[in-house]
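Oh and the sequence shown: position 21 is 17 in the working numbering, straight run, nothing missing. All residues carry an ideal CB built from backbone N, CA and C; glycine is no exception. Step one of this worksheet: look at the structure below.
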Amino acid sequence: MVNIEFVGQLIDSMNDAVLQLEQATASQKMDEVNKLRTFIFDLHRQITGVIGGRNV
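Given below as structure tokens:
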């Protein structure tokens, strides 16, 4: 059973991280860009795992 509320929180977090990534990229803050990219990829893995994807 998929926990819809948890998936929604993960997606909201990913949306916020993508917006922050855009700002960090525009400001050329490469350390922050790399941290946010890692965070986004981690969120992607978590979402895939929760919904039963095969590429975990």
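In terms of Cβ geometry, Phe35 and Ala20 do not form a close pair [threshold 7 Å]. Distance check between Leu6 and each of Arg41, Gly49 and Gly48 places Arg41 closest, using alpha-carbon atoms only. Look at Asn11 here: in three-state DSSP terms it is helix. Contact between Leu32 and Ser9 is ruled out by a C-beta separation of about 11 Å, above the 8 Å threshold.
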